[in-house]
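Single-structure report; data block below.
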Amino acid sequence: MDKTFQPAEIESRWYQEWESKGYFAPRDGDGAYCIMIPPPNVTGSLHMGHGFQETIMDALIRYHRMRGESTLWQVGTDHAGIATQMVVERQLEAQGVSRHDLGREQFIEKVWEWKEESGGTITRQLRRLGASLDWSRERFTMDEGLSNAVQEVFIRLYREGLIYRGKRLVNWDPVLHTAISDLEVVSEEEKGHLWHFRYPLAGGEGHLVVATTRPETMLGDAAVAVHPEDERYAHLVGRMVELPLTGRQIPVIADDYVDREFGTGCVKITPAHDFNDYEMGKRHGLPLINILDDDAAIGGEAPEAYLGMDRFAARKQIVADLDALGLLEKIDDHTLKVPRGDRSGVVIEPYLTNQWYVDARALAGPAIEAVENGDIQFVPKQWENTYFAWMRDIQDWCISRQLWWGHRIPAWYDDHGHVYVGESERAVREQHQLADEMSLRQDDDVLDTWFSSALWTFSTLGWPEETPELAKFHPTSVLVTGFDIIFFWVARMIMMTLHFRNEVPFHTVYVHGLVRDAEGQKMSKSKGNVLDPIDLIDGIDLETLVTKRISGMMQPQLAAKIEKATRKQFPEGIAPYGTDALRFTYYSLASTGRDIKFDIGRIEGFRNFCNKIWNAARYVMMNCEGQDCGQDESLPVELGLADRWIIGKLQETEAAVERAFENYRFDHASQALHEFIWNEYCDWYLELSKPALGDPEASEAAVRGTRRTLIRVLEAWLRLLHPLMPFITEEIWQSVAPLAGKSGPTIMLQPFPNSAPEAMDSAANADIEWLKGVIVGIRNIRGEMKISLGKELTVQLRNGGEDDKRRLQENATFLKKLAKLSDIVWLEEGDEAPAAATALVGQLEILIPMAGLIDKDAELARLSKEVTRLETELKRIAGKLNNSNFVDKAPAEVVAKEREKMQAQELALQKLKEQEQRISQL
RNA sequence: AGGACUAUAGCUCAGUUGGUUAGAGCGCUACCUUGACAUGGUAGAGGUCCCCAGUUCGAAUCUGGGUAGUCCUACCA
């Protein structure tokens, strides 16, 4: 074995082995366990958030696989309609070609080409993380099978009246030329203006003033509204005003939606270009006057003078024209929320179009109930509130997108605009007995990508066929996801699955936090703070990292800033840490919090942990390979104190890890393992094993017992650690297992360790704690008195009880070795004690003679520090015990515990004071 | 505007049902290349558990109020 752990070669070797041997596919087992991967964008690449999520799923999957369950981790990607189409369009653009030049069919071919070319990135990355996904079942939302499922669902919902088509206001992206759902619109506060315009009253005696943030929409105004109880304007309700620039007259109406306090209290109403105005328009029977075209330039029923003008140019023009007419009252600065498309970043326009909708309200009922009655549980539970809040106020879901890349809507129109929904044109003709010569035209639109991902849990298992996989693995066990897509995806999956399968898609939703950078900032390409998990695994030099971060940016002007920040944060680039260290870091961060700040310091610590594991195994192998380590069960075995202790501690750790897995507390699992392996197994057990193995007087059975414990405990914790650190555990396990009497081709398929409570050994724990106490006491004096470790000491023990005496007798060898002692003397009562530095373990006094070693003042200082500490502590306890309320009301055992504590501390204090006095007299 | 979450060591975070001397990792200080490991060892320093009040014998933990921050939902033209 190498002296340091070198992950790179080990990782690729083992992943290939596992995959080629088919270990990732479900095997027969007790019960089924299934996780569906939240499908990443097929043309995308993994970021830190993915890494975190995949790593958590892999731990769960490996854990349940080792527990003997029939385990499926379904892999797949989604087609990411808008994102992918945008990428391909941009590529074409670079060649000076638009998608319209190519035409729909050719364009889609190009997209498929791009998918073939770039689709491997994400799956390669998943493999690098060690994800044990069943690649043989890989699916893609645009696959034939999944497309069939999408079509089936659309048709059935349509026939049930749960999908309808309607002309409504939608969120229109004027650059992407498509409708998007409410969830795809992000509103951020931006600085803008509030323009005040005078609208003259028809008849010519005066005007009223309206305020607007979007002046250009005035071309489409259909009314001016005031509050019904607003006395200032009561006399105007029912009158008409002249709408400037349009030659139209519009009425003044009363509606209590109007806020009297805001602006002038008069609101211009533009039903075709504002969601609230649309609703008000419906209440008052106002006309919908569209004044935009698909590019959000002025169009529709707008006055000719403005036709074709871009909306923002028109805004300027209209303000200028009104000003010229003397109708501009004033312009105020105003901060407002501007809705932008989450993909394009452009300002979204409410725009009147024909779209397809899902009646979400109807589907929401059962979906709410499933969470209320516990069929589905969120972890942490608080996310259920988020879910309920959204579901109880759910809006109909606009599912049509004016894109080419996606599932085309299976609807055909005749020349009269009648719509026919069915599997194909032929099916539609047959069903409705339409003559062959009658022309039919398929709907141009495709479905929202989330429409197909909503079917993910069952469509990937073969639905609408009733496959054996569907029967076995559905409902799935747990969904692992971020809270940012509870609405987008989780809620919609629950609705669709309940409707079509009459069962939940999953029993548990584990909601994890979002990975942020070290400053707590969200990682994003435009901020230039993204980290590629693969770069943490393989390492990356600074120049490559900088280039990677500033290339292909939407806003190249930020490049300099990003370069500077990157050079500052990673002056040396990023070192290679390996997959296991990265994974363990993720787990250690997976607590219940919402934000996960990724600190590079953590991963370095866990890389060191990997090295520790590697070297511990190296030590064990050096001592066990080619030796008798108890493989022959018929030979006698004697277990020493340390052996019994570490076996017990292993059981405790196994129980803690299991509990952590059951509660999705991966941070607890990683902490328990880290603590056990480093602070117990390595720091103490391995050190204790050295004198045990080196003891010339030890019996063969005892040495065999130590070797057997070394190797078996190691073998067990390798399995315990495997779901979190798959590679290093596999590599080591291969050589360790045979010596521990285990065999098998891979650790992956070995049973997960079960805690055996009967092997926990409280007597051994107590003895080891005593041993540690004595050693630490001596080391402490050594440390503070600057006595080098090379100097062997003689210590004297005094005032101990029977237990102390026994423990000393049994462990003198260990004490000598670990505390570097030449001799230990037990002082009987009456024996003369020299001037010495003192440590206490319970009642037992440990004396280190000062002669020539220890400075009087230094020891006095040390003692006085200790005395002060004890006195403070004693005062606190005494205060408690002198309080009759405490003594009367607190549980007897708590009081007894405090009394005990006080007695022990008093005794200790007394001894230290005596010691202080004695030394000061020297 | 409504709601949620967070606040613990210099930094990143644990802290189960109220009773610990409030913990870990990283960082820091001192010493140490001893045969698994310097990606290491040993020892150490470091905390007003955001603030105020309350409940309680007892509060980092429970309740109320406040402050700061983050996020979500809905928005006033």
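In case it helps, my numbering puts the first sequence at residues 5 to 926.
Ideal Cβ placement from N, Cα and C applies to all residues, glycine included.
No experiment lies behind these values; they were computed from the predicted model shown.
Judged by beta-carbon spacing, ASP603 lies beyond the 9 Å limit of LEU518, meaning their Cβ atoms are not closer than that value.
Classified as exposed, PRO755 has fewer than 16 neighbouring CB atoms from the shown chains inside 10 Å of its CB. SER404 is bridged by DSSP to LEU451.
Rounded to the nearest whole angstrom, the C-alpha separation of THR59 and GLY532 is 24 Å. Annotation note: the stretch 244 to 272 contains no uninterrupted alpha helix (DSSP H) run of length 4 or greater.
When rounded, the separation of the alpha-carbon atoms in LYS879 and PRO895 is 21 Å. The beta carbon of ALA206 sits closer than 8 Å to those of ARG243, MET244, VAL245, GLU246, GLN253, all from its chain and outside the five residues before and after it, given in chain order. LYS915 is positioned such that its CB atom lies closer than 9 Å to that of LEU844.
Note that the stretch 357 to 370 does not touch the stretch 316 to 330; fewer than 3 beta-carbon pairs, one per stretch, sit closer than 8 Å. In this structure, the straight-line span from the alpha carbon of ALA908 to that of VAL661 is close to 35 Å. Here HIS338 is actually not in contact with GLY426; their C-beta atoms are around 51 Å apart, not less than 8 Å. Assignment of beta-bridge partners to VAL799 by DSSP yields ILE828. Taking 9 Å as the cut-off, the Cβ atoms of MET752 and MET90 do not count as close. When DSSP states are grouped into helix, strand and coil, LYS601 belongs to the strand group. In this structure, GLU93 is the residue among ALA98, ASP32, GLU93, ILE126 with its C-alpha nearest to the C-alpha of VAL115. The closest CA to that of THR75, considering only GLY794, ASP419, LYS476, is found on LYS476. The C-beta distance from ASP584 to PHE731 rounds to 5 Å, short enough to fall under 8 Å. Your pair PRO44 and THR81 checks out as a contact, with CB atoms roughly 6 Å apart and the cut at 8 Å. When DSSP assignments are scanned along the stretch 517 to 592, the uninterrupted stretches of alpha helix (DSSP H) that are 4 or more residues long and fall wholly within it turn out to be 537 to 542, 546 to 554, 563 to 573. Residue state for ALA301 is assigned as strand, using DSSP reduced to three classes. Sequence-distant Cβ neighbours of PHE9 in its own chain, meaning closer than 7 Å and more than five residues away, are CYS614, ASN615, TRP618, ILE732. In the pairwise beta carbon analysis, the stretch 183 to 193 is classified as touching the stretch 389 to 403: at least three pairs are separated by under 8 Å. In this structure, the beta-carbon distance from ALA63 to PRO727 falls below 9 Å.
Proximity of the stretch 792 to 803 to the stretch 685 to 703 falls short of the contact definition, fewer than three beta-carbon pairs being nearer than 8 Å. According to the DSSP assignment, HIS503 belongs to no beta strand (DSSP E) but to the alpha helix (DSSP H) extending over 496 to 505.
In this structure the stretch 506 to 517 lies against the stretch 472 to 487, because at least three pairs of beta carbons, one per stretch, are closer than 8 Å. Put simply, of GLU788, ARG786, ILE167, PHE111 the residue whose alpha carbon is nearest the alpha carbon of TYR361 is ILE167. For the pair of segments examined, the stretch 575 to 589 was found not to touch the stretch 557 to 567: the number of CB pairs separated by less than 8 Å stays below three. Between the stretch 535 to 551 and the stretch 418 to 434 there are fewer than three inter-stretch CB-CB distances shorter than 8 Å, so the stretches are not counted as touching. Shown here for ALA768: same chain residues with a beta carbon closer than 7 Å to its own, the five before and five after excluded, namely LEU645, ARG648, TRP649, GLY652 in chain order.
Here VAL350 carries a coil assignment [DSSP, helix/strand/coil].
For ASN886, the enclosing alpha helix (DSSP H) starts and ends at 860 to 886. The stretch 210 to 229 makes contact with the stretch 271 to 283, as at least three CB pairs between them are under 8 Å.
Rounded to whole angstroms, the gap between the alpha carbons of ILE302 and ASP325 is 16 Å.
Assignment of MET313 by DSSP, reduced to helix, strand and coil, places it in the coil class. Secondary structure note for VAL46: it is in no beta strand (DSSP E), with a DSSP letter that is neither H nor E.
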